[in-house]
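One structure below.
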Amino acid sequence: MALNYSRDVIDRVRESNDIVEVISSHLSLRKSGANFVALCPFHQEKSPSFSVNRSKQIFHCFGCGEGGNVISFVMKFENLTFVEALKELAERGGVQLPSASTGPSEDYSRLYDVNREAAAFFHQQLKEASGSSTVREYVKRRSISDEMLEKFGIGYAPDSWDSLLHHLESKRFSPAEIEKGGLAKRSSKGNLIDTFRQRLIFPILDEKGRVVAFGGRSLGDDGKGPKYLNSPESPIYRKGRLLFGLSRSAEFIRKSKRVLIVEGYMDLLALAQGGILEVVATAGTAFTGYHCRLLKRYAEEMIMVFDGDEAGKKAAERSTITAMENDIRPKVVLLPEGKDPDDIIRDGGAESFNKTLAEAKPYLSYIIDLACRKHDISTPEGKADAIRSLIPELSKISDPIVRAGAVEALSSKTKIPVSRIELSLPRMGKEYTKSEKKSSKGEEDIRSAPPLEKIIIRIMLDHPEIIGGLAEKLKPEDFNSAACRGVFGALSDLALKGGVEVGDLAEQAGDGQFSSHIRSLLLEDSLYEEGSWGKNVEDFMKYLERKNRGKHVTRMVEAAKKQSREEYLNREKDLRNLH
Ligand SMILES: [Zn+2]
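Going by numbering that gives the first Met the number 0, 112 is the number at position 113 of the sequence shown; the sequence numbering is gapless.
Structure below.
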């Protein structure tokens with residue numbers, strides 16, 4: 000974690016962003032005792048084990064162990080670096096970050112400005128294009144309505160080396176700014192030329208609706224350059240982070256609770272024109288894990304729509320694997336080969352497209368089909384491979400009925416009896432839920448530690464000033480629970496080194512070995528009465544004394560037994576010697 004910011008600044012950013020408010024803008028939190036709970040966004044679960052505590056300003060998932068403070072939440076949830084998350088929260092909380100410490104990152108307002116100006120230029124060019132021009136012909140052929148052209152700010156990059164360049168320079172943008180914004184590039188001769196030439200232009204907006212990049216559909220029939228060209232990445236445009244159309248469709252996705260993911264700009268446009276608005280396009284990039292998490296914020300259901308050709312099938316496969324890795328089970332639609340959403344809408348309207356959607360294959364049938372296509376199931380080996388490749392996914396299904404259905408579908412495809420397939424799956428029921436409940440590392444869950452031991456650790460966390468004293472009196476072995484032993488050891492080590500920042504420990508994100516235990520304990524309600532903590536410590540000492548005294552007595556008895564046996568043997572020897 001490369002920190003350019005002082006502790007003080009980081010604290011100010013944290014203090015100006017209440018963790019409950021920040022998280023509830025992403026997840027729906029429900030009050031439960033002193034905490035708020037929600038379904039965990041970082042692992043798949045059916046009952047909420049993701050908890051947020053306002054007074055401690057931490058979050059913790061009892062299911063997967065993920066946790067930390069508001070900054071670590073934003074980092075993890077939005078897939079940002081520490082500095083990126085800090086900046087976002089600083090903006091949200093109205094904290095001015097010292098610019099000196101921001102290093103190479105700077106004010107991007109000129110980059111946004113130059114892209115906005117370029118969008119206006121392209122759009123104007125399209126408006127001014129004559130009806131007989133290539134671009135107008137294309138728009139007419141694809142029957143894109145004027146309303147859509149306006150709504151999406153679609154434009155035209157003329158067949159010229161430098162018309163945008165000249166326009167932007169006349170608006171007082173420097174060549175360096177234009178190049179940095181991805182709007183011009185160096186030619187082989189070293190002079191600047193327009194990036195987009197003779198193309199239909201789709202402005203790409205970020206979540207805040209700012210133009211950050213462009214996608215251009217080639218209009219030349221000379222086959223020069225790729226069919227689609229995207230702006231190069233820039234400080235304000237990272238491809239795997241953006242989805243075309245999201246800023247506009249977000250409200251419709253929220254309303255309908257579903258999102259359609261299509262591949263191209265034109266697909267999205269065709270659907271929007273047909274009145275289907277809950278759509279985003281990956282446009283120019285693969286579907287990423289970041290996209291998944293982004294969409295999870297808006298939609299409950301994801302439907303991936305792909306062309307039925309080989310490329311489409313490949314893209315569908317890659318995208319579903321990405322979704323799967325992010326605990327999403329999307330529905331998948333493979334359009335009839337040779338047809339894109341545009342064709343379907345044009346032939347039968349939105350109604351016909353909705354019909355296609357209704358036939359969307361649920362994720363499970365889709366991956367079963369996929370496995371059976373990938374392996375040659377006419378051979379015994381192929382059947383075995385197909386089934387084997389599905390075991391990890393099938394094992395994850397916790398609903399026995401869904402699982403039985405999937406197994407049956409697989410059985411009817413491969414002609415392998417259901418009972419045989421079931422034998423290769425881990426047993427359902429207890430075993431599965433148990434392994435699911437264990438923390439991700441398979442460590443002991445500190446919540447099941449002996450109550451008195453938990454209380455002592457919690458008291459140490461609530462009153463760090465006594466850690467040093469207790470560290471001298473107690474030994475890790477005094478705790479029966481391995482988790483308590485570990486946390487006690489870590490706390491006393493820190494105390495010996497001078498100073499424990501319990502907050503820091505609890506706020507450590509994710510994998511910190513003891514951080515997870517600490518957060519877990521901090522979130523437990525009314526573990527002890529605040530006024531009586533002194534007495535609790537005394538009780539523990541007494542308990543240990545008794546335990547140790549017990550041990551001591553056992554040791555004495557053992558020693559005595561040993562001694563008496565030696566005495567006996569000696570006496571016997573003496574007696575023998577007498578004879
Ligand atoms: Zn979790």
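All C-beta atoms in this analysis are idealised placements derived from N, C-alpha and C, irrespective of residue type, glycine included.
Measuring from the CB of residue 42, is there a heavy atom of ligand 1 at a distance below 7 Å?
-> yes
Should the segment 269 to 276 be called in touch with the segment 245 to 261, which here means at least 3 C-beta pairs below 8 Å?
-> yes
By Cβ distance, which residues of its chain are closer than 7 Å to residue 11, with the 5 residues on each side in sequence left out?
-> Result list for residue 11: 94, in chain order.
Nearest-angstrom Cβ-Cβ length linking residue 401 and residue 359, presumed shorter than 8 Å = Residue 401 to residue 359, Cβ: 17 Å. No contact.
CB contact flag (residue 536, residue 456, <8 Å) = Going by C-beta atoms, residue 536 is not nearer than 8 Å to residue 456.
According to DSSP, is residue 542 helix, strand or coil?
-> Residue state, collapsed to three classes: helix.
Flag this pair as yes or no: are the beta carbons of residue 59 and residue 419 separated by less than 8 Å?
-> Going by C-beta atoms, residue 59 is not nearer than 8 Å to residue 419.
Can the beta-carbon of residue 319 be found closer than 8 Å to that of residue 329?
-> In this structure, the beta-carbon distance from residue 319 to residue 329 falls below 8 Å.
Mind checking whether the beta-carbon of residue 127 lies closer than 7 Å to any heavy atom of ligand 1?
-> It does not: the Cβ of residue 127 is nowhere closer than 7 Å to a heavy atom of ligand 1.
Through-space distance from residue 291 to residue 236, alpha-carbon basis = Roughly 18 Å between the two C-alpha positions.
Label residue 432 either buried or exposed according to how many other C-beta atoms from any shown protein chain fall within 10 Å of its C-beta, with 16 as the threshold for buried.
-> Low per-residue confidence applies at residue 432: pLDDT is 36, beneath 50, and the placement is therefore not dependable enough to give any value.
Around the Cβ of residue 178, are there at least 16 other Cβ atoms within 10 angstroms (buried) or fewer (exposed)?
-> buried
Would you say residue 478 touches ligand 1, meaning its beta carbon is less than 7 Å from a heavy atom?
-> no
Start and end residues, alpha helix (DSSP H) containing residue 136 = 133 to 140
Does any heavy atom of ligand 1 sit closer than 7 Å to the C-beta of residue 483?
-> no
Compare the Cα-Cα distances from residue 55 to each of 44, 207, 74, 34 and report the closest residue.
-> 34
Got a sec? Which residues, its chain only, sit under 7 Å from residue 369 by beta carbon, not counting five neighbours each side?
-> Here the set comprises 316.
If we call anything under 8 Å between Cβ atoms a contact, is residue 280 one with residue 243?
-> yes
Smallest Cα separation from residue 453: which of 522, 500, 31?
-> 522
Alpha-carbon to alpha-carbon, residue 140 and residue 338 | Taking the straight line joining both Cα atoms gives about 16 Å.
Proximity of residue 251 and residue 277 at Cβ, strictly below 8 Å | Taking 8 Å as the Cβ cut-off, residue 251 and residue 277 qualify as a contacting pair.
Own chain, CB closer than 6 Å to residue 287, minus 5 neighbours either side, in chain order | Here the set comprises 239.
Alpha carbon to alpha carbon, how far is residue 215 from residue 122? Give it in angstroms, no decimals.
-> 13 Å
For residue 479, which option in 506, 451, 472 has the closest C-alpha, if you only look at C-alpha atoms?
-> The candidate whose alpha carbon is nearest that of residue 479 is 451.
Verify the contact flag: residue 288, CB atom, against every heavy atom of ligand 1, threshold strictly below 7 Å.
-> The answer is no for residue 288.
Ends of the alpha helix (DSSP H) at residue 352?
-> First-last of the alpha helix (DSSP H) with residue 352: 340 to 357.
Do residue 82 and residue 18 have their C-beta atoms within less than 8 Å of each other?
-> no
Any heavy atom of ligand 1 within a distance shorter than 7 Å of the CB on residue 63?
-> yes
Taking only the alpha-carbon atoms, compute the straight-line gap between residue 423 and residue 381 and give it to the nearest angstrom.
-> Computed Cα separation, rounded: 16 Å.
Sufficient close CB pairs (3 or more, under 8 Å) joining the segment 306 to 315 to the segment 373 to 389 = no
Residue 202 - DSSP class collapsed to helix/strand/coil | Reduced to three states, the DSSP call for residue 202 is strand.
Within its chain, find whatever has a CB closer than 6 Å to the CB of residue 425; leave out the 5 residues flanking it on each side and keep chain order.
-> 394
Round the Cβ separation of residue 120 and residue 201 to the nearest angstrom and send it over; I've been treating them as touching at under 8 Å.
-> Going by Cβ atoms, the distance from residue 120 to residue 201 rounds to 14 Å, so no, they are not a contact pair.
By how many angstroms is the C-alpha of residue 24 removed from the C-alpha of residue 90?
-> 15 Å
Helix, strand or coil: how does DSSP classify residue 291 here?
-> helix
Would you tell me roughly how many angstroms separate the C-alpha atoms of residue 429 and residue 404, rounded to the nearest one?
-> Since pLDDT at residue 429 reaches only 36, below the 50 mark, its modelled position is unreliable, and no value is offered.
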